[in-house]
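Mapping of the sequence shown onto my numbering: residues 48 to 993, in sequence order. Glycine included, every Cβ here is placed at the ideal spot set by N, Cα and C.
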Amino acid sequence: MSELLFKNYESDSQLGNSTISVDRTDDNASIISDATDRGTNDFGNDVNEEYANEISCQYCGIDSTDCLIKCLGCDKWFCNGKMESSSSHIVTHLVLSRHHTVSLHEDSHLGDTTLECYSCGQQNVFTLGYINAKEDQVVVILCRLPCSQLKDSNWDSTSWKPLIEERQFLSWISSIPTEDDSINARMITYQQMYQLESGWRNDKDITFNDLNHSSDKKDDPSETTTLPTLMRYNDGYQYQASFGPLVKLESDYDKQLKEAQNLDNLQITWSQKSNGKIWASFPVKNFEAIESKVSLGDGMILRHFESEWLGKGSIIGLPDAHQELFTLELNESKSPPPIPRTTGFTAEFIWKGVSYERMQSALKTFAISEKSTSSYIYHKILGHDVKPIEFDIELPKQLSIPKLAKLNGSQSNAIRMVLKRPLSLIQGPPGTGKTVTSATIIYHLNRMNAGQKILVCAPSNIAVDHLAEKLDSIGLNVVRLFAKSREDAESSVRHLSLENKVMQRAQGRLKNLIRLQEQEGELKGKDFEDYSRMFKAESTSLLDRAEIICCTCVGAGSFKLAKYQFRMVLVDESTQAAEPEALIPIIKGSKQVILVGDHQQLGPVILNKEASDSGLSQSLFERLILLGHVPIRLEVQYRMNPFLSDFPSNMFYEGSLQDGVSTEQRTLPVSTFPWPVPNIPMMFWGNFGTEEISASGVSFLNRVEAMNVEKIITRLFKGGIQPEQIGVITPYEGQRAFITSYMTLNGSIFERKDDYASIEVTSVDAFQGREKDFIILSCVRANQDQKIGFLKDPRRLNVAITRAKYGLIILGNTQALSRNFLWNELLLYFREKGCLVDGPLENLKLSTIQLNTPSIPKTFARSTLNSISSNASSSIGYQESSNNSSVSFSSERWPQLSKSNTNTINSNFYSKLSKLNQEYQQNSFKINEDDIKSITSSFADGFNLN
């Protein structure tokens, strides 16, 4: 029998002070026992103090049984106190350890209880909440989805609340430590908690006192000592010495994350393809919990312990906006998979360091090889002052080319300047046609430099495919080079791949061998030798004749291109590549480099915070701008309704964007959506739900916003809008997963269930470079401290609000967002246009909420959120706060890129000096004048101060 015990304090549920035990042995909840006084267990026995003192929080040592919670993933105890941290110790442990199940102490006021869903038995505490039963003094624990959504006459499903709020268990689940409880508690930092968790992976019995802080610092990425990258470098060796350690830091961190990610209890669906390959597909409900980078082509090990089977393969399908499936293509093996078994499988990711190895190799080549690039580009990358030069060439009289849109003035100007310069930066704001511009540049470079190959790269396969497809459409001889691990992955330009072209051209014995391989799945002996030799020879022949070679930046380091030099290199989406990554194609002998991107949109994804803060997250494009290299900006946007482009133009592009489309061209006459202002297709809908921790424990969701997303989509459907026209984006993976599940279960138009499921719901980051007719943005964040996390990133906001062509709807907490200067500007813009609203969707009213004056300093007075109703039906409406006073702060315009980045560099530099001084004061190491001189000298070199 599994029991659920509940205690309701007046401050939490207003149901009195009784403890109720609910029996889950049948469908009817029944009261089994009454409340007992503090100090006795559920049977009225005295608490065994001696026994209780043997159990204490593994972090701080608090041993009060009412405050302790046991992690069932590792059988360790942690308290529900925060001790000046942002999360309670039990929540911190669950997040760091990736454990999700807990129980209470038998001597606590709720007794020895494992927290689980009353209906389905789900035990992931990040998904659990409670509902007040209609029977007095009874509450029921249910999971967020689907059980809390089930209709039941015994409780009101709209009153569901999570068991964890503000990253701490509710006090009626586990008490918050009092001052008396904390008297003898030890102070512990987050870094020390991280060290403990790292130690427990190797030895579960390590304690706080066992930690050797100095030797274990290497296990904590936040303890790695690195210096920030410089703006200018003396030579290639100093450049390599600056970036090399950061690449190593990121590599080690990525390896640690990937090898720690295990997927358990998988249910496999098997399929065998015509070529004999076996595919294993399996859903991963908590894909958001996977912290490492996972890409198509990554290796994975699949295990089945009962049959002692192990198989390796490559990922050819990833979870996306429509489905949660991984698809693994198994390698050839003497041990066949245990088909038809479908359960009891586990999976492990195989870390491959190829990308990091190629970055390190590029850094080394740049430093030692004079042939890696021209002298001009070499010195420009190092940040040296170089006299501008131009090529003595005759420009084409006609720049626009057949099969592509006619160029506008800014595009034509960009192409003329690029063709004459050895190094060019093209800034392409959203919707300004940078792909057309890039394709036109490559077309003319090809015509002006007959016989010379052009290398076209981008950091992502999607971006490479898009540009390769465009180049092929204008008649260029394009070869798309894929990594071997991606040769079988789906791609829109598979017909352009080197492998596919070899197969199409094959004749004689090679053609017969290809057919034989398709039939038998594997060649052996002389057949395999002949196939490998002939395939390689044909591949080399195709590459020799190719005009354009397209691949990822990392792919440019492939052995297949080792013998080739590329005088002309174009890197698309270069602002999304870390600088050493963009360097890989550049060191292939470049004499003319074109970097295309937009530094006002999202930059490289760097997992390690230390490496990111030290400069690895800054792109080469961005650093060159900071050094004074003026980018060529495309200035006519063809995507957005002019009302949607107005704000990003003024805020991010100094008002320079012009509209290449009219309001009439970006208005759908069939739409009946209730826009606050009929001819302005945008609105900010004030929502006052609260954020909750997602199922993974590392992300957030907001149920009220998710419910309202469904209402918006339903209204769009009724107005004739099709699913493929709608995109839902959110900064948080937890919200993405919840919205997807919620709409599948709760779509209001029953006959269109499939349409709800087909709506693309994805992250802001994943939507960069893409567009939809209608975009719905869910901001999620709403907490007592009014923190908004990485919503503060101006580039993420820019990407989010520039994806829509015909209409933009933003859902968020106006008070929380208005504390940030940039978001406050956006809210003011919506208010000026009459589009800042709240209330029910069918009766939207102009919002009268007083916006907070944002604070530029990091510290500011805390203000209270509006009172929040737990009833979903009323939470969509605005509720006037009892205290709407705002705090006045001095403000300034959002800082420009050069200022913000210089401040970042200075901040990083002085934080290093501060850290050295602090460690000296604590006598943790000896510091001398040479240490300071070394740091200040390298810093001064970067700014030419010496």
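Cβ neighbour criterion (16 or more within 10 Å) applied to residue i
| i | result |
| --- | --- |
| Asp301 | buried |
| Glu594 | buried |
| Ala510 | buried |
| Met234 | exposed |
| Pro632 | buried |
| Lys481 | buried |
| Phe797 | exposed |
| Cys600 | buried |
| Pro506 | buried |
| Asp263 | Here the model assigns Asp263 a pLDDT of 46, short of 50, so the residue's position is not dependable, and the following value carries that caveat. Asp263 should be labelled buried. |
| Arg713 | buried |
| Ser646 | It should be pointed out that residue 646 corresponds to His in this sequence rather than to Ser. That one is buried. |
| Phe606 | exposed |
Assigned secondary structure, residue i (DSSP; H/G/I helix, E/B strand, else coil)
| i | result |
| --- | --- |
| Tyr165 | coil |
| Asn953 | Since pLDDT at Asn953 reaches only 39, below the 50 mark, its modelled position is unreliable, and the value read off the structure follows with that caveat. Here Asn953 sits in helix by DSSP. |
| Gly498 | coil |
| Asn455 | coil |
| His351 | strand |
| Glu437 | coil |
| Ser579 | helix |
| Ser485 | helix |
| Ala593 | coil |
| Arg828 | coil |
| Gln303 | helix |
| Ile653 | coil |
| Asn378 | coil |
| Met730 | strand |
| Gly478 | coil |
| Pro193 | coil |
| Gln648 | coil |
| Val549 | helix |
| Glu537 | coil |
Distance, residue j Cα to residue i Cα
| i | j | result |
| --- | --- | --- |
| Gly391 | Asp311 | 8 Å |
| Val1008 | Phe216 | An answer regarding residue 1008 cannot be provided, because it is not within the stretch 48 to 993 covered by the chain. |
| Gln286 | Leu429 | The sequence shown places Tyr at residue 286, not Gln. About 7 Å. |
| Cys104 | Pro841 | 40 Å |
| Leu691 | Ser788 | 30 Å |
| Ser485 | Asp345 | 30 Å |
| Thr809 | Arg817 | 12 Å |
| Thr374 | Leu349 | 11 Å |
| Asp267 | Ser245 | For Asp267, the pLDDT reaches just 48, beneath the cut-off of 50, and the residue's location in the model is therefore unreliable, leaving the point undetermined. |
| Asp988 | Tyr284 | Below a pLDDT of 50, predicted positions are generally treated as unreliable, and Asp988, at 42, falls in that range; no measurement from the model is reported. |
| Gly702 | Ile806 | 33 Å |
| Ala530 | Gly602 | 7 Å |
| Val708 | Pro477 | 13 Å |
| His542 | Ile397 | 29 Å |
Expected contact under 8 Å - CB spacing of residue i and residue j to nearest Å
| i | j | result |
| --- | --- | --- |
| Glu738 | Asn755 | Going by Cβ atoms, the distance from Glu738 to Asn755 rounds to 14 Å, so no, they are not a contact pair. |
| Glu757 | Asn726 | With 8 Å as the limit, Glu757 and Asn726 do not qualify as a contact, their Cβ atoms being about 26 Å apart. |
| Leu528 | Asn493 | Their Cβ separation, rounded to whole angstroms, is 17 Å, which puts Leu528 and Asn493 out of contact at 8 Å. |
| Gln815 | Val846 | 5 Å |
| Asn860 | Ala813 | Not a contact, Cβ separation roughly 23 Å. |
| Thr777 | Arg783 | 6 Å |
| Arg680 | Gln474 | 4 Å |
| Ile325 | Met347 | About 14 Å; that fails the 8 Å criterion. |
| Leu560 | Leu570 | 7 Å |
Opposing strand residues paired with residue i [DSSP bridges]
| i | result |
| --- | --- |
| Ala505 | Thr599 |
| Phe373 | Phe329 |
| Asn179 | Val186 |
| Thr777 | Ser810 |
| Met615 | Ile501, Gln639 |
| Lys359 | Ile348 |
| Val526 | Ile596 |
| Asp885 | Lys892 |
| Ala851 | Lys819 |
| Ser150 | Lys117, Thr161 |
Proximity test, Cβ basis, 8 Å: residue i and chain B
| i | result |
| --- | --- |
| Ala804 | The displayed structure is made up of one protein chain only, and chain B is not part of it. |
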